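This report refers to the structure that appears directly beneath it.
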Amino acid sequence: GSSDDKDSGSSGSSGTASTTASEGSGGRRFKIGMANFTLGAPYFIGISKTVERDGQRAGNEVLVTDAKGDAAALTSNVEDLLAQGVDGIVISGGPLEAAPAALNAIKQKGIPVVLVDRKFQSGDYTSWVGPDNEAIGRQDGEYISERLGGSGKVAIIRGGPADNSIGLARTEGVRSVLEGAGIELVVAPDFGEWSSDGGLRVMENLLAKNKDLDAVFCENDSMCLGAQKAIRDAGKSEQIFIAGVDGQKEALAEIRRGGNYEVTGLNDAVTMGDAAFERLIELLDGGQAEKDTVVPSPQITRANVDDYYDPNSEF
Amino acid sequence: MIVQRLRDDRSLLINGSFVVAFVVLLIVAATTTDSFMTDDNITNLMKQSVTTGLLALGMLMVILTGGIDLSVGSVVALAGIMAAGLSADLPIPLAMAIGVAAGVACGFVNGMLVARFRLAPFVVTLAALTTIRGLAYVYSETPVTPTDIGFLWIGTESIGPFPVATLIVVAVFALAWVFLTRTGAGRAIIAIGGNREAVRLAGVNVPRHILVTYMISGFLAGLAGVILASRVGIAQPSVGVAFELNAIAACVIGGASLAGGRGSVLGTLGGVVLLALIDNLLTLYDVQSYWQQVLKGLIIVAVVLARRTEDER
Amino acid sequence: MIVQRLRDDRSLLINGSFVVAFVVLLIVAATTTDSFMTDDNITNLMKQSVTTGLLALGMLMVILTGGIDLSVGSVVALAGIMAAGLSADLPIPLAMAIGVAAGVACGFVNGMLVARFRLAPFVVTLAALTTIRGLAYVYSETPVTPTDIGFLWIGTESIGPFPVATLIVVAVFALAWVFLTRTGAGRAIIAIGGNREAVRLAGVNVPRHILVTYMISGFLAGLAGVILASRVGIAQPSVGVAFELNAIAACVIGGASLAGGRGSVLGTLGGVVLLALIDNLLTLYDVQSYWQQVLKGLIIVAVVLARRTEDER
Amino acid sequence: MLSLRGVRKAYSGVEVLHGIDFEAHGGEVVAIAGANGAGKSTLIKILCGAVARDAGTIAVDGREVALGSPAAAAALGIRTVHQELTLVPQLSVTENVLLGDLPKRGGLVDWPAAHERTRALLSRTGFTGVDPRTPAKRLSVARQQMVEIAKAMASEPRMLILDEPSAVLAGDDLDQLFALIRSLRADGVLVLYVSHRLDEVMEIADRITVIKDGLIAATSTPRETNEEEIVRQMAGRRLEQIYPDRREKPGRELLGTTGLTREGAFEEVSLSVCAGEVVGVFGLVGSGRTELAECLFAAAPHDAGEIRLAGRAVRLRSPKEAIAQGLAFVTEDRKGSGLVLDLSVRDNAALATLPRWRRHGLLDRKRQQAAIEDMNERLDVRPRTTSKPVKQLSGGNQQKVVLAKWLLSRPKVLILDEPTRGVDVAARVDLYREIDQLTRAGLGVLMISSDLTEVIGATDRVLVMHEGRLVADVPSAEADEELLLAHSIGVAA
Ligand SMILES: Nc1ncnc2c1ncn2[C@@H]1O[C@H](COP(=O)(O)OP(=O)(O)OP(=O)(O)O)[C@@H](O)[C@H]1O
Ligand SMILES: Nc1ncnc2c1ncn2[C@@H]1O[C@H](COP(=O)(O)OP(=O)(O)OP(=O)(O)O)[C@@H](O)[C@H]1O
Ligand SMILES: [Mg+2]
Ligand SMILES: [Mg+2]
């Protein structure tokens, strides 16, 4: 499910008040800021790359910053971008909840900002595009519950920490379905830190304590890949199946292989990046865009994986 | 006169190649980019140096005694989230004061363990890093957004062209400079790092002075946390990871020795500004994120190499 | 005889309260939980100590000379991702060897800057931390999955009840013990940390020995990176953040002094196992993540306090 | 065998050696004398490859040598005992002695053989009684010095350089050292010997070379010269009298002890120091003098007995309290516990009196500076600039800075532990005169010294310690060297 017109930026009309970019041959050219809260995970790298590529393809200048997971640095980066006179900014919030100061600074400049992935709880933003994480969780929960037929034991691996509401929402989604279905849940006490090595470690610990797991849900695919390895090392690939979130390339490859990695919810970085870029250009062109847009996250299983799997994708 | 005093501080700002490196960086920045010399950018630079500045100054005190404080990043988180959380029910200045006080308390515990129980500062403050981070999450798992707009004042507003937070940093640095060069306690702290036993035999209460340095570090980390929460407009329990490394780097780039007894306020200030400058320039030049990291490391080494000859043989 | 030699190593495993702390922990763990004494859990403990073990051992060498190596976490990432990436085109052992060699190369650069150019180890390796992390991302932004199943052998398989990786760690620790207690180079490294000038005046090539320690640290970090990538089955450029802190903690808990000249292989091993044990137990007891952090810090302080009397006055 | 031509050396622009020409031959003992800061240690550091010369040539056996590193010097058979101790504190005596040259078997260190070789070396040098397995830091300074000497003997030296080896040695140990030097001389080894104790120099040297302000001032044989002459050459002035005449009536007791005991160090020590009195303490290495001083100053706890100050029993808990009560303590180890080497002369001198310089909460630096400059003048600290890091001063001048620090604290009782270690004759005279004047104003002094002439000449009475006990209390006027030595080894009645 990707956007229809990737080059929409070139179909410009009258400019917004704040633009200083020069007139180009193929339409208006902009200086765009892509502020990342973190580039420490493939998903966020994917979003950033997509915005960058889309922007450059349309002849715009795209400045990319990386706050390395530091909210203050994100604020600084936004300030730096503003100092360089960008026409609009995309903020990939990552696990960040809010950066009112950054948003206020942008607002003072009077330029549009599109939040992608994370919807900030506070501060004024122009527009948001992102997934419905709770819905993705529910989707996985429904798959698991159906597959287990109303009984069984399921482990949950969280990325942590809880100031990251992505994970909270996903786990909440799974939980809401499974708890109602009479399935026993085991939530690992330690966090998998969103990485494969973390997922591996947490799964190893889970397996040492729980002999009778039927399935495991991780808050993202990276951790699932580690957990899958731990399960394989324990010789329980037949017994325990895996549900993840994101649609990371490696996870799709596993689903395609037909092992115990059975399901994920697509939270596609490319789709997300495309949508964000498109939205920003609409705003820069003076369009009146919707405030919030939920990008749909289709469920991917063995049945439909071939529609989504692209070995050369960035994510 | 003032030059003599600055010299006494064995300042690196005064000493040749460090200044040269600085000036070169500034000239290159000003001439090759449009945006460097703009008001906005200079203000950004000032704001961006606040946290590292406060942390580095506290770290300097601790380092001078031959210690280290790895817990400052976690203290930033704890102080910020407490201040933001309490501001819902308490007057803002009081809430902020309590946040800072929490930092002082952390410093007190660190200092007691190091000074009285003579545990290794590295382990004590590493353990504190873990524990205090945990406490920040225990206080509030989720980010806290202060509702009262007054909370944002200290981190956001400017007086004339200078951000309030920057003025605070400047004041704190000035105080620290006076403290270290012009008070008995300051001189004793430096001497402790050089030869603890000699200082003890000279009748100085060594544990108490060491304790004070950790409390200063905790205080400044707490202050940094409150200002940071105010600047960002939201307090997160996850903020401040690896801040201690930057703070230590600023001290060492500024000529401090981790063995203690050597280091200066002005040098540290130079280190802080240099680090901020590097980040700022790499962003202005639109260097890609990963290459920024590669270059940042190389530039730091180059700077340290450049000023090597003056101190080391 | 062997006891005498262990004593010469001034081991902490031999010394009272550290062992007591250990035994108490083990007994409590074994009696209060069902799962602690299971094969699975013991194997987990062994596997989970591999990375910290290798890093701590390399760190010990560096710390003994009075240095520090903050770059090990980044080296883990670089070595792992290079090995995994190259394994697509090269024979696996060669790909892995190149990954480890990259670690040695990083150590070489660190070592040259510290030993020959006499830069402060903290800044040099902090800069390296940044640069090498950047290089790992430059090599591959996204995780690399090695296609050949043979890549997984070293990190996954067991010989009898012992994971291969654990056997490697044990072998490396044994070698290091012999190196530090029974070879001239090992003794020189310890002596350098005690009094560098004295060692220089005795005609020992001090810079070369220091260089060697950083290369050992780079080598072991590279090895740890390759084994970790093999164990996880996927190499990530983001892996290894803050690993250096754990490694240093293990050394210091094991009695090493960051000032140099003091520290032992057996003590470090004790520190590594203790850290893994704490994590393992907190998880087995189902302590929630934030409280785990709070408790971990407190336990570390308690352990260090308990064995204080023996070393410090 | 050794020949220097026009050797020059400058430290950060200040030349301290201005062109040294010097010859010496195997089988010769050449003493080098000179005032503090004359450049003796610098010359020696050049010879052993520890610092590089700026100009000049050095030839060994007629061949010009570079001496670029300590290893290069060692390869030529040049071995050195430095003025400042260069041991690795936490390592054993064996490792220190055989540093970088441990015996191996099958590629691995052979520890039993190493300990054996060290034991043999120690007994060859005559310093028995040191266990090769002991960590160096547990040894007293004197024993550490012996380890240093054994270390220099570890590989057959062709040229042995000793920079004030005797400053901490006394009695038998000094005789052992002289015996060693004589046997080396008989084997054709060249020995360079730096010392401020001119009586020793006259006894052991074949030739005496005096360095003054970085130049060779004179060279003569002991037969051609005498102590007075050497002092004149060193100091550029004649010293009328080394020790002041002391005819003081002691006043009331300032510091006293009864039955003071510290287990393993000293027992049942009862002494008293009165106003206007200089009390010497003599004893052999390890007789417990240093530990006694530490307990008096509350730097270490005691186990039993009583300490009195001005007649009142006190229980001091820290040096801080001791200082507040008017005590001052010059330790024997200036590098380890006396000075903060990286800090300036001013910071070191002011360290014990920090509260005194406070005005409006800040240090009154003018007043501080004036007081320190005045004290440096009185003690003749060179150079006079107070902003230099103290580590850049010569050994003797460092010692004067320690004294300055404590004299500034205006003590009532001054405890001195080997106060003239490494201090040249002229400066010593200044110090004795200073002490004399202060005692006239009511100060009491307890002076620990291993230098027999000093401990007799500069004091009013001498206490002798033997194995942790006070065994004699002799008025200085009646004391002579034999008597004190006899007491100190426990053979006098
Ligand atoms: N590292 C250094 N930096 C600067 N100046 C130095 C340094 N070392 C020695 N000096 C200076 O060189 C001069 C000669 O010092 P040196 O140590 O050779 O004297 P010395 O003859 O051995 O004196 P002493 O009898 O006190 O040991 C002194 O003025 C001293 O201050
Ligand atoms: N053979 C030895 N090995 C190690 N330590 C020794 C030995 N002999 C004595 N000591 C140490 O020396 C201490 C007493 O020496 P102290 O320094 O107080 O005496 P001193 O008379 O001042 O001798 P010095 O001239 O060495 O300073 C003893 O308590 C002991 O710890
Ligand atoms: Mg000298
Ligand atoms: Mg003594």
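Residue numbers (this note's numbering), protein chains in the order written: chain A, 1 to 315; chain D, 1001 to 1313; chain Y, 2001 to 2313; chain P, 3001 to 3493. Every residue, glycine too, gets a C-beta built ideally from N, C-alpha and C. These numbers come from a predicted model, not from an experiment.
Using the C-alpha atoms, what's the distance from Y:Ile2132 back to Y:Ile2300? Position 300 of the third sequence, counted from the first residue, corresponds to residue 2300 of chain Y. Position 132 of the third sequence, counted from the first residue, corresponds to residue 2132 of chain Y. Answer to the nearest angstrom: the Cα atoms are 30 Å apart.
Would you decide whether A:Ser25 is buried or exposed? Buried here means 16 or more other CB atoms lie within 10 Å of its CB. Numbered from 1 along the first sequence, position 25 holds the residue referred to as residue 25 of chain A. Model confidence at A:Ser25 stands at a pLDDT of 38, short of 50, so the residue's coordinates are unreliable; what they give is reported in the following sentence. With fewer than 16 Cβ atoms within 10 Å of its Cβ, A:Ser25 is classed as exposed.
Using a Cβ-Cβ cutoff of 7 Å, what residues of the stretch 192-210 of chain A are near chain C? List them in chain order. Protein chains A, D, Y and P are contained in the structure displayed, whereas chain C is not.
At what residues does the alpha helix (DSSP H) containing P:Asp3021 begin and finish? As a working note, residue 3021 of chain P is residue 21 in the fourth sequence. Run containing P:Asp3021: none in the alpha helix (DSSP H); it sits in the beta strand (DSSP E), Val3014 to Ala3024.
Contact set between Y:Ala2249 and chain D, taken where Cβ atoms lie within less than 7 Å: By 1-based counting over the third sequence, the position of residue 2249 of chain Y is 249. Within chain D, the residues whose beta carbon sits less than 7 Å from that of Y:Ala2249 are Val1123 and Leu1126, listed in sequence order.
Endpoints, alpha helix (DSSP H) assigned at Y:Ile2063: As a first step, residue 2063 of chain Y must be located in the third sequence, where it is residue number 63. Counting along the chain, the unbroken alpha helix (DSSP H) around Y:Ile2063 starts and ends at Val2050 to Leu2064.
State buried or exposed for Y:Asp2089, treating a residue as buried only when at least 16 other CB atoms are found within 10 Å of its CB. Along the third sequence, read from residue 1 onward, the residue named residue 2089 of chain Y stands at position 89. With fewer than 16 other CB atoms across the displayed protein chains lying within 10 angstroms of its CB, Y:Asp2089 is exposed.
Delimiting residues of the beta strand (DSSP E) encompassing P:Cys3503: Any question about residue 3503 of chain P goes unanswered here, given that chain P covers just 3001 to 3493.
Taking only beta-carbon positions, decide if A:Leu39 is within less than 7 Å of chain D. On the first sequence, position 39 is the one that residue 39 of chain A refers to. Closer than 7 Å to some Cβ of chain D, the Cβ of A:Leu39 qualifies, so yes.
Can you give, in chain order, each stretch of the beta strand (DSSP E) that sits fully within the stretch 1190-1215 of chain D and has at least 3 residues? Assignment of beta strand (DSSP E) within the stretch 1190-1215 of chain D, counting only whole runs of 3 or more residues, yields no such run.
State the DSSP-derived secondary structure class of A:Trp194, mapped to helix, strand or coil. Translated into the one-based positions of the first sequence, residue 194 of chain A becomes position 194. Look at A:Trp194 here: in three-state DSSP terms it is coil, with no helix or strand label.
Within a Cβ cutoff of 6 Å, which residues of the same chain sit near Y:Leu2281, ignoring the five residues on either side of it in sequence? Taking the first residue of the third sequence as 1, we reach residue 2281 of chain Y at position 281. Within the same chain, and ignoring the five residues on either side of Y:Leu2281 in sequence, the residues whose Cβ sits closer than 6 Å to its Cβ are Ala2029.
Less than 6 Å separating the Cβ of P:Tyr3011 from some heavy atom of ligand 1? For this step, residue 3011 of chain P is matched to residue 11 along the fourth sequence. Result yes, Cβ under 6 Å from ligand 1.
Would you verify that the beta carbon of Y:Ala2306 is, or is not, closer than 7 Å to some beta carbon of chain P? Position 306 of the third sequence, counted from the start, is the residue given in the question as residue 2306 of chain Y. No, because no Cβ of chain P sits closer than 7 Å to the Cβ of Y:Ala2306.
Cβ atoms of P:Leu3076 and P:Val3051: under 7 Å apart, would you say? As a position in the fourth sequence, residue 3051 of chain P is number 51, starting the count at 1. As a position in the fourth sequence, residue 3076 of chain P is number 76, starting the count at 1. Contact: no.
Distance, Cα to Cα, P:Ala3142 vs D:Ala1198? What you label residue 3142 of chain P is simply residue 142 of the fourth sequence in a count that begins at 1. What you label residue 1198 of chain D is simply residue 198 of the second sequence in a count that begins at 1. About 20 Å.
Return the first residue and the last residue of the beta strand (DSSP E) that P:Trp3357 is part of. The residue given as residue 3357 of chain P occupies position 357 in the fourth sequence. P:Trp3357 -> no beta strand (DSSP E), and no H or E assigned at all.
Do the stretch 1143-1151 of chain D and the stretch 1076-1092 of chain D meet, that is, are 3 or more Cβ pairs less than 8 Å apart? Between the stretch 1143-1151 of chain D and the stretch 1076-1092 of chain D there are three or more inter-stretch CB-CB distances shorter than 8 Å, so the stretches are counted as touching.
Rounded to the nearest angstrom, what separates D:Val1070 and A:Leu283 at their Cα positions? Against the second sequence, residue 1070 of chain D aligns to sequence position 70. Against the first sequence, residue 283 of chain A aligns to sequence position 283. Per the sequence shown, the amino acid found at residue 1070 of chain D is Leu instead of Val. A direct Cα-Cα distance of roughly 45 Å separates D:Leu1070 from A:Leu283.
When DSSP labels each residue in this structure, what does P:Pro3447 get in the three-state scheme? One-based indexing of the fourth sequence puts residue 3447 of chain P at position 447. Correcting the residue type first, residue 3447 of chain P is Met in the shown sequence and not Pro. Reduced to three states, the DSSP call for P:Met3447 is strand.
Who are the near neighbours of D:Thr1043 in its chain, counting only those whose CB is closer than 8 Å to its CB and skipping five residues on each side? Position 43 of the second sequence, counted from the first residue, corresponds to residue 1043 of chain D. Listed in chain order, the non-local C-beta contacts of D:Thr1043 below 8 Å within the same chain comprise Ser1158, Pro1161 and Pro1163, local neighbours out to five positions each way being set aside.
Neighbour flag for A:Ile91 against chain Y, beta carbons, 7 Å: What you label residue 91 of chain A is simply residue 91 of the first sequence in a count that begins at 1. No, its Cβ sits nowhere closer than 7 Å to a Cβ of chain Y.
Could you check the C-alpha separation between D:Thr1063 and D:Tyr1214 for me, to the nearest Å? Translated into positions along the second sequence, residue 1063 of chain D becomes position 63. Translated into positions along the second sequence, residue 1214 of chain D becomes position 214. Residue identity differs from the one stated: residue 1063 of chain D is Ile in this sequence, not Thr. C-alpha of D:Ile1063 to C-alpha of D:Tyr1214: approximately 10 Å in a straight line.
Roughly how many angstroms separate the alpha carbons of D:Gly1263 and D:Val1212, rounded to a whole number? Taking the second sequence and counting its residues from 1, one reaches residue 1263 of chain D at position 263. Taking the second sequence and counting its residues from 1, one reaches residue 1212 of chain D at position 212. Rounded to the nearest angstrom, the gap between the Cα atoms of D:Gly1263 and D:Val1212 is 17 Å.
Residues bridged to A:Gln299 [DSSP beta-bridge criterion]: Taking the first residue of the first sequence as position 1, residue 299 of chain A is located at position 299. Beta-bridge partners assigned by DSSP to A:Gln299: A:Gly265.
Between the beta-carbon of P:Ile3149 and the beta-carbon of P:Thr3118, is there less than 7 Å? Translated into the one-based positions of the fourth sequence, residue 3149 of chain P becomes position 149. Translated into the one-based positions of the fourth sequence, residue 3118 of chain P becomes position 118. Judged by their CB atoms, P:Ile3149 and P:Thr3118 are not nearer to each other than the 7 Å cut-off.
If you measure between the beta carbons of P:Ile3456 and P:Ala3479, is that distance less than 7 Å? As a position in the fourth sequence, residue 3456 of chain P is number 456, starting the count at 1. As a position in the fourth sequence, residue 3479 of chain P is number 479, starting the count at 1. Yes; because the gap between Cβ atoms is below 7 Å, this pair is in contact.
Which residues, taken in chain order from the stretch 232-243 of chain A, show a beta carbon closer than 9 Å to some beta carbon of chain Y? Against chain Y - using a Cβ distance shorter than 9 Å - the residues of the stretch 232-243 of chain A are Arg232, Asp233 and Ala234.
Answer yes or no: does any C-beta atom of chain P fall closer than 7 Å to that of D:Arg1262? The residue you call residue 1262 of chain D lines up with position 262 of the second sequence. Yes, because at least one Cβ of chain P sits closer than 7 Å to the Cβ of D:Arg1262.
In the structure shown, what three-state DSSP assignment does P:Thr3386 receive? The residue given as residue 3386 of chain P occupies position 386 in the fourth sequence. P:Thr3386: coil per DSSP, three-state reduction.
List in chain order: all unbroken beta strand (DSSP E) runs of 3+ residues lying wholly within the stretch 3049-3076 of chain P. Runs found: 3055-3060.
For Y:Thr2283, which residues in chain A fall below 7 Å Cβ to Cβ? As a first step, residue 2283 of chain Y is located in the third sequence; it is residue number 283 there, counting from the start. Chain A residues near Y:Thr2283: Pro189, Asp190 and Asn205.
Could you tell me how far apart the beta carbons of A:Glu80 and A:Thr65 are, in whole angstroms, since I believe they sit closer than 8 Å? Translated into positions along the first sequence, residue 80 of chain A becomes position 80. Translated into positions along the first sequence, residue 65 of chain A becomes position 65. According to the sequence shown, residue 80 of chain A is Asp rather than Glu. Yes, they are in contact, since the Cβ atoms of A:Asp80 and A:Thr65 sit about 7 Å apart, within 8 Å.
With a threshold of 6 Å (Cβ to nearest heavy atom), would P:Gln3083 be considered close to ligand 3? In the fourth sequence, residue 3083 of chain P corresponds to position 83, counting from 1. Yes - ligand 3 has a heavy atom lying nearer than 6 Å to the Cβ of P:Gln3083.
Can you tell me whether P:Ser3220 is helix, strand or coil according to DSSP? The sequence position of residue 3220 of chain P within the fourth sequence is 220, counting from 1. Of the three classes helix, strand and coil, the one that applies to P:Ser3220 here is strand, per DSSP.
Using beta-carbon positions only, say whether P:Gly3395 and P:Gln3083 come within less than 7 Å of one another. Start at 1 with the first residue of the fourth sequence, and residue 3395 of chain P comes out as number 395. Start at 1 with the first residue of the fourth sequence, and residue 3083 of chain P comes out as number 83. For P:Gly3395 and P:Gln3083, yes; Cβs fall inside 7 Å.
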